[in-house]
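**Student:**
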Amino acid sequence: MKFPAKKSFLRSSIHLVLVYALSLFVSCGKGGDSPEESNNTDANGSAEWWQKNQDEGTDKKKLRIAFVTNQIADFWNIAKAGCRDASKDLGVEIEVKMPPERSATLQKQIVEDLVNSGIQGIAISPLDADNQTAWLNSIAEKLHLITHDSDAPQSNRKAYVGMDNYKAGRMCGQLVKEALPDGGGVILFIGGMGQDNSKHRRQGVIDELFDRKRPEKLDTKTYDLDLEKVLDSGKYQIIRTILADGQNAKAKAADAINAYPEMKAMVGLFEYNPPGCYKALEQAEKLGEIKIIGFDENDVTLQGIKDGTITGTIVQDPYQYGYQSAVILKSLLEGKKLEQAFIDIPPRKVVRKATKEGEVDVDEYWADLKAKKAG
Numbered sequence: 000m001k002f003p004a005k006k007s008f009l010r011s012s013i014h015l016v017l018v019y020a021l022s023l024f025v026s027c028g029k030g031g032d033s034p035e036e037s038n039n040t041d042a043n044g045s046a047e048w049w050q051k052n053q054d055e056g057t058d059k060k061k062l063r064i065a066f067v068t069n070q071i072a073d074f075w076n077i078a079k080a081g082c083r084d085a086s087k088d089l090g091v092e093i094e095v096k097m098p099p100e101r102s103a104t105l106q107k108q109i110v111e112d113l114v115n116s117g118i119q120g121i122a123i124s125p126l127d128a129d130n131q132t133a134w135l136n137s138i139a140e141k142l143h144l145i146t147h148d149s150d151a152p153q154s155n156r157k158a159y160v161g162m163d164n165y166k167a168g169r170m171c172g173q174l175v176k177e178a179l180p181d182g183g184g185v186i187l188f189i190g191g192m193g194q195d196n197s198k199h200r201r202q203g204v205i206d207e208l209f210d211r212k213r214p215e216k217l218d219t220k221t222y223d224l225d226l227e228k229v230l231d232s233g234k235y236q237i238i239r240t241i242l243a244d245g246q247n248a249k250a251k252a253a254d255a256i257n258a259y260p261e262m263k264a265m266v267g268l269f270e271y272n273p274p275g276c277y278k279a280l281e282q283a284e285k286l287g288e289i290k291i292i293g294f295d296e297n298d299v300t301l302q303g304i305k306d307g308t309i310t311g312t313i314v315q316d317p318y319q320y321g322y323q324s325a326v327i328l329k330s331l332l333e334g335k336k337l338e339q340a341f342i343d344i345p346p347r348k349v350v351r352k353a354t355k356e357g358e359v360d361v362d363e364y365w366a367d368l369k370a371k372k373a374g
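Going by numbering that gives the first Met the number 0, the residue at position 100 of the sequence shown is 99; the numbering climbs one at a time, nothing skipped.
#1: Is the closest heavy atom of the ligand NAD to the C-beta of residue 163 under 7 Å?
#2: Can you tell which of 90, 313 and 296 has the C-alpha that lies nearest to the C-alpha of residue 372?
#3: Below 8 Å, can you find three or more Cβ-Cβ pairs linking the region 78-85 to the region 319-328?
#4: Can you give the Cα-Cα distance for residue 95 and residue 127, rounded to whole angstroms?
#5: Take residue 205 and list the residues in its own chain whose beta-carbon comes closer than 7 Å to its own, dropping the five residues that flank it on each side.
#6: Go to residue 343, then tell me how far its beta strand (DSSP E) extends in each direction, as first and last residue.
#7: Would you kindly check if the distance between the Cβ of residue 98 and the Cβ of residue 69 is under 8 Å?
#8: Please go through the same chain and pick out, in chain order, the residues whose beta-carbon is closer than 6 Å to the beta-carbon of residue 278, but skip the five residues on each side of it.
#9: What are the start and end residues of each continuous alpha helix (DSSP H) run of 4 or more residues lying completely inside the region 48-134, in chain order?
#10: Going by C-alpha to C-alpha distance, which of 368, 328 and 122 sits closest to residue 315?
#11: Output the distance between the C-alpha atoms of residue 137 and residue 338, rounded to the nearest integer angstrom.
#12: Grab me the residues of residue 91's own chain with a C-beta within less than 7 Å of its C-beta, minus the 5 sequence neighbours each way, in chain order.
#13: Beta strand (DSSP E) containing residue 236: first to last residue?
#14: Could you check whether residue 341 and residue 159 sit closer than 8 Å to each other, using their CB atoms as the reference points?
#15: Can residue 188 and residue 262 be called in contact, C-beta distance under 8 Å?
#16: In the DSSP assignment, find the unbroken beta strand (DSSP E) run with residue 348 in it and report its ends.
#17: Could you check what DSSP says for residue 314 in three-state terms: helix, strand or coil?
#18: Note the first and the last residue of the continuous beta strand (DSSP E) segment covering residue 146.
#19: Taking the straight line between their C-alpha atoms, what separation do you get for residue 131 and residue 284?
#20: Please report the distance separating the alpha-carbon of residue 190 from that of residue 331.
#21: Our contact map puts residue 213 next to residue 226 with C-beta atoms below 8 Å; I'd like the distance itself, whole angstroms only.
#22: Considering only C-alpha positions, which residue in the set 355, 88 and 257 is nearest to residue 289?
#23: Smallest Cα separation from residue 121: which of 221, 135 and 66?
#24: Kindly indicate the opening and closing residues of the beta strand (DSSP E) around residue 266.
#25: Which partner residues of residue 231 appear in the DSSP bridge assignment?
#26: Helix or strand or just coil, what does DSSP make of residue 367?
#27: With DSSP as the reference, label residue 224 as helix, strand or coil.
#28: Return helix, strand or coil for residue 256, following the three-state DSSP convention.
#29: Going by beta carbon distance, what residues of the same chain come within less than 7 Å of residue 360, once the five residues before and after it are set aside?
#30: For residue 221, which residues of its own chain have a beta-carbon under 8 Å away from its beta-carbon, when the five flanking residues on both sides are left out?
#31: If you follow the beta strand (DSSP E) that residue 187 is in, where does it begin and where does it stop?
#32: Quick check on residue 198: buried or exposed, where buried means 16 or more other Cβ atoms within 10 Å of its Cβ?
#33: Which residues in the same chain as residue 307 place their Cβ atom closer than 7 Å to its Cβ, once the five residues preceding and following it in sequence are excluded?
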């Protein structure tokens, strides 16, 4: 799917997306495969009731669904905007919940509370899919459950809304090749490795740099999962992978700058990693000397691309994660069945000046993003 970037096309784009999403449902259909097989917070996370807050006289029979993230981040505020617009367009109540930190325990507590409140459908980004499968299955027995952003392909979720993270990782690797055409040492920064998307995304970068073919079937058990092991293709070296979350992204990046003078590029695989790398390099007065390649659309990342200090970033479409999740859950609650279980929202490359297919100008992309967030 391609969405126009200009604000004047925003509402028509939303309605076209709605038509597209509804076409994924039929009265009877076949399942599909996964590609891999705010600051308003409290102890239970950030929440917003869109339709309920807008209309105090809301019908008590209005469908109630929830969108659960894996933590609080600017990335998820964009998804929240998609939920907001879906609530208006579809006439459903959508509760957006964000765990205050990356914790599977807190995420589980939030979901259990939602179930007890009588919520009818949940879209979740699982923090630890491998160890959450049995629990997710127990939730799926009680209501309609889908995943977004990161999948749990072994669970009984009805659908996955997101991108092919392995493919996105390879696209990121292509940006690294453009930044370092002669090769060199690279360090990867990522928020965690428990999630399905983390493993596939990271491996995609590695396989692209090492010119490996895409496996016929993606199996995380065959991946290069030793984060401290140096991986060397002869031309490119993955010096190591550093776990860095939103609280310590800059500090971990600064430590790497001091500890690994051979590092030629820093690759941030979660939304808050590229800004952390940028700020650390800025403080060390090494912007431009060490390349930055990113993921997602943090304002610091986009400004860096605009200024020429960041090579580019691979973006998802969190707005559509929120919007499409609502469309799917509403349709399931209306008794419709999925024609396919993978709702593909393709990744894109955001660069300073687009010259190749699949690339987007940073100015054009940023203008569209601001329009969506503003509503």
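Beta carbons: idealized from backbone N, C-alpha and C, even for Gly.
**Tutor:** In short:
#1: No copy of the ligand NAD occurs in the structure displayed, which carries no ligand at all.
#2: 296
#3: A contact exists between the region 78-85 and the region 319-328.
#4: So the alpha carbons of these two residues sit roughly 20 Å apart.
#5: 223, 230 and 237
#6: 341-343
#7: yes
#8: 249
#9: 49-53, 73-89 and 103-115
#10: 368
#11: 24 Å
#12: 50, 61, 62, 64, 325 and 329
#13: 235-242
#14: The answer is yes: Cβ separation under 8 Å.
#15: no
#16: Its beta strand (DSSP E) spans residues 347-350.
#17: In the structure shown, residue 314 sits in a strand (DSSP, three-state: E or B).
#18: 143-147
#19: 43 Å
#20: For residue 190 and residue 331, the distance between alpha carbons rounds to 32 Å.
#21: The Cβ separation is near 22 Å, so there is no contact.
#22: 257
#23: Closest by alpha carbon: 66.
#24: 262-267
#25: 236
#26: helix
#27: It is coil, neither helix nor strand.
#28: Here residue 256 sits in helix by DSSP.
#29: 352 and 353
#30: 214
#31: From DSSP, the beta strand (DSSP E) with residue 187 extends over 183-189.
#32: It is buried - the Cβ of residue 198 has at least 16 other Cβ atoms within 10 Å.
#33: The answer, listed in chain order, is 351.
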